[in-house]
Amino acid sequence: MSEHQDALEQLNKRLSLTEKLVAAHKSLSQVYPFVSRIAVTLYDPETTVLKTYLNSSDDENPLEHYRTLIEDAPSLKKLLDEGRPRVINNMLTFDDGSEHTVRIGRKGYAASYTLPMFNDGVFFGFIFFNSNEKEVYTEHVLSQIDVYGHMISLMIINEFSAVKTLTAAIKTTGHITHCRDPETGSHLDRMSRYSLIIANAIADKYDLDDEYIEHVFMFSPLHDIGKIAIPDNVLLSPHRLKKSEMEVMKTHSRRGREMIDDLIDNFGLQSIEHVDILRNIAEYHHEAVNGTGYPDGKMRDEIPLEARIVAVADVFDALTSRRPYKEAWSNEMAISKLQQLAGEKLDKDCVDALLDNMDEVVRIQQQFIENPFG
Numbered sequence: 000m001s002e003h004q005d006a007l008e009q010l011n012k013r014l015s016l017t018e019k020l021v022a023a024h025k026s027l028s029q030v031y032p033f034v035s036r037i038a039v040t041l042y043d044p045e046t047t048v049l050k051t052y053l054n055s056s057d058d059e060n061p062l063e064h065y066r067t068l069i070e071d072a073p074s075l076k077k078l079l080d081e082g083r084p085r086v087i088n089n090m091l092t093f094d095d096g097s098e099h100t101v102r103i104g105r106k107g108y109a110a111s112y113t114l115p116m117f118n119d120g121v122f123f124g125f126i127f128f129n130s131n132e133k134e135v136y137t138e139h140v141l142s143q144i145d146v147y148g149h150m151i152s153l154m155i156i157n158e159f160s161a162v163k164t165l166t167a168a169i170k171t172t173g174h175i176t177h178c179r180d181p182e183t184g185s186h187l188d189r190m191s192r193y194s195l196i197i198a199n200a201i202a203d204k205y206d207l208d209d210e211y212i213e214h215v216f217m218f219s220p221l222h223d224i225g226k227i228a229i230p231d232n233v234l235l236s237p238h239r240l241k242k243s244e245m246e247v248m249k250t251h252s253r254r255g256r257e258m259i260d261d262l263i264d265n266f267g268l269q270s271i272e273h274v275d276i277l278r279n280i281a282e283y284h285h286e287a288v289n290g291t292g293y294p295d296g297k298m299r300d301e302i303p304l305e306a307r308i309v310a311v312a313d314v315f316d317a318l319t320s321r322r323p324y325k326e327a328w329s330n331e332m333a334i335s336k337l338q339q340l341a342g343e344k345l346d347k348d349c350v351d352a353l354l355d356n357m358d359e360v361v362r363i364q365q366q367f368i369e370n371p372f373g
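So, in structure tokens, the structure goes:
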């Protein structure tokens with residue numbers, strides 16, 4: 000009997016997606032050492048934005064925090080339209096006019112293989128296999144790399160499927176208890192993308208990677224799940240809440256954290272990555288940097304960064320949205336209010352990050368216009 004070393008043994012361990020990608024790259028590079036980097040971008044079909052997510056390189060990432068409209072990367076748009084991979088065996092002779100190509104070429108990569116990712120026929124991103132050598136991607140090589148590409152795609156699908164299961168469980172629980180949050184789906188679409196804007200803008204200062212940023216985006220719409228436990232007479236009140244009612248409403252943040260823990264245990268979703276980001280968002284998005292928030296009266300850096308990010312996104316959209324007890328504020332009025340709250344109730348870095356990117360904010364508002372019927 001002969002012994003065999005499993006080339007992908009690392010994948011048997013409980014690792015983050017980035018660690019799994021690095022392990023897959025290490026295995027692949029033992030056969031094809033010219034593959035110097037594997038990178039993953041995700042596609043947001045609602046906004047047609049491509050955004051960096053994972054990469055396996057220890058070196059400086061040439062596309063860190065990179066986002067672009069698919070229309071501004073014509074060669075990638077063609078791949079999306081055709082649903083086919085792309086081989087570039089000499090980057091020096093290739094130029095589609097996109098910033099993506101410029102950054103990759105500037106880093107010194109000489110060849111690239113791009114594989115679209117699909118889940119049940121729905122496109123959700125690309126995998127890039129970059130090489131420091133040109134003319135290396137032969138048909139034989141590509142047939143082997145395709146196996147790794149689909150394995151990586153399945154790892155990502157598995158992670159996202161767990162998040163979708165958790166989200167579906169939360170929504171189902173809400174329907175069963177007949178509790179309804181009056182905030183619309185458009186609010187969640189907008190505030191999650193405001194959270195993405197903020198996280199990207201402060202990424203360098205706080206050393207945030209693209210995986211963290213994407214999880215803030217994915218988890219931010221679940222910030223108010225604890226409202227499922229709030230009685231209708233409080234949750235659906237058309238008037239400003241009385242002090243006693245407000246105390247009941249405040250319990251939603253702690254209940255949200257408890258519900259997340261219960262659902263994770265009951266549905267066996269302990270493998271969800273960065274789930275503490277979700278817990279922190281649900282529990283602490285109403286904390287204030289001056290210590291006057293709830294549930295724990297945390298101050299400044301005691302409040303997890305993801306909760307500070309979501310707080311700014313949530314407040315801005317609440318101000319600029321119509322509610323039963325108020326009309327929507329203009330952006331100018333909301334900006335003035337955020338500036339007043341910066342450093343008092345809200346994190347100043349996060350406020351500045353949103354206000355410095357108002358062009359993107361306006362685009363999101365135009366794309367996800369409030370539906371009066373929810």
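Counting in numbering that gives the first Met the number 0, the sequence shown runs from 0 upward without gaps. In this text, a Cβ means the ideal position worked out from N, Cα and C, and glycines have one as well.
When burial is assigned at 16 or more other CB atoms within 10 Å of the CB, is His284 buried or exposed?
Within the sequence shown, residue 284 is the residue found at index 285, counting from 1. Buried, by the Cβ-count rule.
Counting only the same chain and skipping the five closest in sequence on each side, list residues whose C-beta sits under 7 Å from that of Phe315. On the sequence shown, position 316 is the one that residue 315 refers to. Counting only residues of its own chain and dropping the five nearest sequence neighbours on each side, Phe315 has a CB closer than 7 Å to the CB of Tyr193, Ala333, Leu337, Leu353.
I'd like to check one pair, Asp355 with Ala200: are the Cβ atoms closer than 8 Å?
Sequence index remark: in the sequence shown, residue 200 carries index 201 (1-based). Sequence index remark: in the sequence shown, residue 355 carries index 356 (1-based). Note that the C-beta distance between Ala200 and Asp355 is below 8 Å.
- request: Below 6 Å CB to CB, which residues in the same chain sit around Arg254 once its five sequence neighbours on both sides are set aside?
  value: Here residue 254 is taken as the residue at index 255 of the sequence shown, counted from 1. Excluding residues within five positions, the ones whose Cβ falls inside 6 Å are Gly225, Ala228.
Considering just the uninterrupted stretch of the alpha helix (DSSP H) at Asp275, what are its terminal residues?
Taking the first residue of the sequence shown as position 1, residue 275 is located at position 276. Note, Asp275: alpha helix (DSSP H), 274–283.
* **Straight-line gap, Ile308 to Leu195 (C-alpha atoms, nearest Å)** => One-based indexing of the sequence shown puts residue 308 at position 309. One-based indexing of the sequence shown puts residue 195 at position 196. When rounded, the distance between both Cα atoms is 9 Å.
Run of the alpha helix (DSSP H) containing Val86, from where it starts to where it stops: The sequence position of residue 86 within the sequence shown is 87, counting from 1. No alpha helix (DSSP H) holds Val86; the beta strand (DSSP E) holding it covers 85–87.
- Task: Specify the secondary structure class of Leu402 as computed by DSSP and reduced to three states.
- Result: Outside the shown range of the chain, which is 0 to 373, sits residue 402, and nothing can be said about it.
Going straight from the alpha carbon of Arg189 to that of Leu277, what length do you get? Here residue 189 refers to the residue found at position 190 of the sequence shown. Here residue 277 refers to the residue found at position 278 of the sequence shown. Going by the C-alpha atoms only, they are around 18 Å apart.
**Asked** Quick one, which of Ser191, Gln9, Pro237 has its alpha-carbon nearest Val215's?
**Response** Position 216 of the sequence shown, counted from the start, is the residue given in the question as residue 215. With distances taken between Cα atoms, Val215 lies closest to Ser191.
Would you tell me roughly how many angstroms separate the C-alpha atoms of Thr51 and Lys241, rounded to the nearest one?
Here the question's residue 51 lines up with position 52 in the sequence shown. Here the question's residue 241 lines up with position 242 in the sequence shown. If you take the alpha carbons of Thr51 and Lys241, they lie about 45 Å apart.
Item to check | Neighbourhood of Phe266 by C-beta, 8 Å cutoff - its chain only, sequence neighbours within 5 removed | outcome: The residue you call residue 266 lines up with position 267 of the sequence shown. Sequence-distant partners of Phe266 (beyond 5 residues in either direction) whose C-beta falls short of 8 Å from its own C-beta, in its chain, are Thr164, Leu165, Ala168.
*For the segment 0–57, list the alpha helix (DSSP H) runs that are entirely contained and at least 4 residues long, ordered along the chain.*
Qualifying alpha helix (DSSP H) stretches, in chain order: 16–30.
- prompt: Which first and last residues belong to the alpha helix (DSSP H) in which Gly225 is found?
  reply: Counted from its first residue, the sequence shown places residue 225 at position 226. Neither: Gly225 is in no alpha helix (DSSP H) and is coded neither H nor E.
Handout entry: DSSP state of Arg322 mapped onto helix, strand, coil
Key = Along the sequence shown, one-based indexing puts residue 322 at 323. Residue state, collapsed to three classes: strand.
Among Ile126, Leu16, Asn88, Arg83, which one has its Cα closest to the Cα of Ile37? Position 38 of the sequence shown holds residue 37. Nearest neighbour of Ile37 by Cα position, chosen from Ile126, Leu16, Asn88, Arg83, turns out to be Ile126.
Quiz prompt | Residue environment, Val146, which counts as buried when at least 16 other CB atoms sit within 10 Å | solution = The residue you call residue 146 lines up with position 147 of the sequence shown. Around the beta carbon of Val146, a 10 Å sphere encloses fewer than 16 other beta carbons of the protein chains shown; the residue is thus reported as exposed.
Thinking C-beta only, is Pro294 closer than 8 Å to Lys249?
-> Within the sequence shown, residue 249 is the residue found at index 250, counting from 1. Within the sequence shown, residue 294 is the residue found at index 295, counting from 1. In this structure, Lys249 lies near Pro294, with their beta-carbon atoms less than 8 Å apart.
**Study point:** For Asn60, the three-state DSSP class (helix, strand or coil)
**Key:** Numbered from its first residue, the sequence shown carries residue 60 at position 61. The answer is coil: DSSP assigns Asn60 none of H, G, I, E or B.
Self-check item: Reference Glu286, options Ile302, Val360, Glu272, closest by Cα
Solution: Here residue 286 is taken as the residue at index 287 of the sequence shown, counted from 1. Checking every option, the nearest Cα to that of Glu286 belongs to Ile302.
Tell me Met298's beta-bridge partners as DSSP assigns them.
Position 299 of the sequence shown, counted from the first residue, corresponds to residue 298. DSSP output for Met298 lists Asn289 as bridge partner(s).
Ser28 beta carbon less than 8 Å from that of Asn129: If you number the sequence shown from 1, residue 129 lands on position 130. If you number the sequence shown from 1, residue 28 lands on position 29. Result no, Cβ atoms of Asn129 and Ser28 do not sit closer than 8 Å.
- Query: According to the Cβ coordinates, are Gln280 and Val162 closer than 8 Å?
  - Reply: Here the question's residue 280 lines up with position 281 in the sequence shown. Here the question's residue 162 lines up with position 163 in the sequence shown. In the sequence as displayed, the identity of residue 280 is Ile instead of Gln. A distance of 8 Å or more separates the beta carbons of Ile280 and Val162.
Margin query: Could you tell me the alpha carbon to alpha carbon distance between Cys349 and Tyr211, rounded to whole angstroms?
Written below: Taking the sequence shown and counting its residues from 1, the one referred to as residue 349 is at position 350. Taking the sequence shown and counting its residues from 1, the one referred to as residue 211 is at position 212. In a straight line, the C-alpha of Cys349 is about 16 Å away from that of Tyr211.
(Q) Using only the alpha-carbon positions, how far apart do Ile363 and Lys133 sit? (A) Here residue 363 is taken as the residue at index 364 of the sequence shown, counted from 1. Here residue 133 is taken as the residue at index 134 of the sequence shown, counted from 1. Near 40 Å, if we compare the C-alpha coordinates of Lys133 and Ile363.
What residues are listed by DSSP as bridge partners for Arg66? Residue mapping note: residue 66 aligns to position 67 of the sequence shown, counting from 1. Lys50, per the DSSP bridge assignment.
Considering only the beta carbon of each residue, do Val121 and Phe33 sit closer than 8 Å?
Here the question's residue 121 lines up with position 122 in the sequence shown. Here the question's residue 33 lines up with position 34 in the sequence shown. Cβ atoms of Val121 and Phe33: not closer than 8 Å.
*Near Glu70, what residues of its chain come up, given a Cβ to Cβ distance below 7 Å and the 5 sequence neighbours on each side ignored?*
Counting from one through the sequence shown, the residue named residue 70 turns up at place 71. Cβ within range, chain order: Thr47, Lys76.
- How should Asp403 be labelled, buried or exposed, when 16 other C-beta atoms within 10 angstroms of its C-beta is the threshold for buried? In this structure the chain extends from 0 to 373, so residue 403 is not present and cannot be described.
| DSSP state of Val350, grouped into three classes? | Locating residue 350 in the sequence shown gives position 351, where the first residue counts as 1. Of the three classes helix, strand and coil, the one that applies to Val350 here is helix, per DSSP.
Taking C-alpha atoms, which residue in Leu41, Ser142, Asp351 lies nearest to Met217? Against the sequence shown, residue 217 aligns to sequence position 218. The option with the nearest alpha carbon to Met217 is Leu41.
- Straight-line CA distance for Met298 to Asn289? Here residue 298 refers to the residue found at position 299 of the sequence shown. Here residue 289 refers to the residue found at position 290 of the sequence shown. Annotation: Met298 to Asn289 spans about 5 Å, alpha carbon to alpha carbon.
Bridge partners for Gly124 per DSSP, in chain order? In the sequence shown, counting from the first residue as 1, residue 124 sits at position 125. Beta-bridge pairing links Gly124 to Leu41, Met116.
Under 8 Å between the Cβ atoms of Val21 and Gly124?
One-based indexing of the sequence shown puts residue 21 at position 22. One-based indexing of the sequence shown puts residue 124 at position 125. With respect to the 8 Å criterion, Val21 and Gly124 are not classified as neighbours on the basis of their beta carbons.
Candidates Arg83, Thr113, Thr67: closest to Pro44 by CA position: On the sequence shown, residue 44 is found 45 positions in, with the first residue counted as 1. Taking only the C-alpha atoms, the option nearest Pro44 is Thr67.
Which value, in whole angstroms, describes the spacing of the CA atoms of His311 and Leu345? Translated into the one-based positions of the sequence shown, residue 311 becomes position 312. Translated into the one-based positions of the sequence shown, residue 345 becomes position 346. Sequence inspection shows Val at residue 311; the His mentioned does not correspond to that position. If you take the alpha carbons of Val311 and Leu345, they lie about 6 Å apart.
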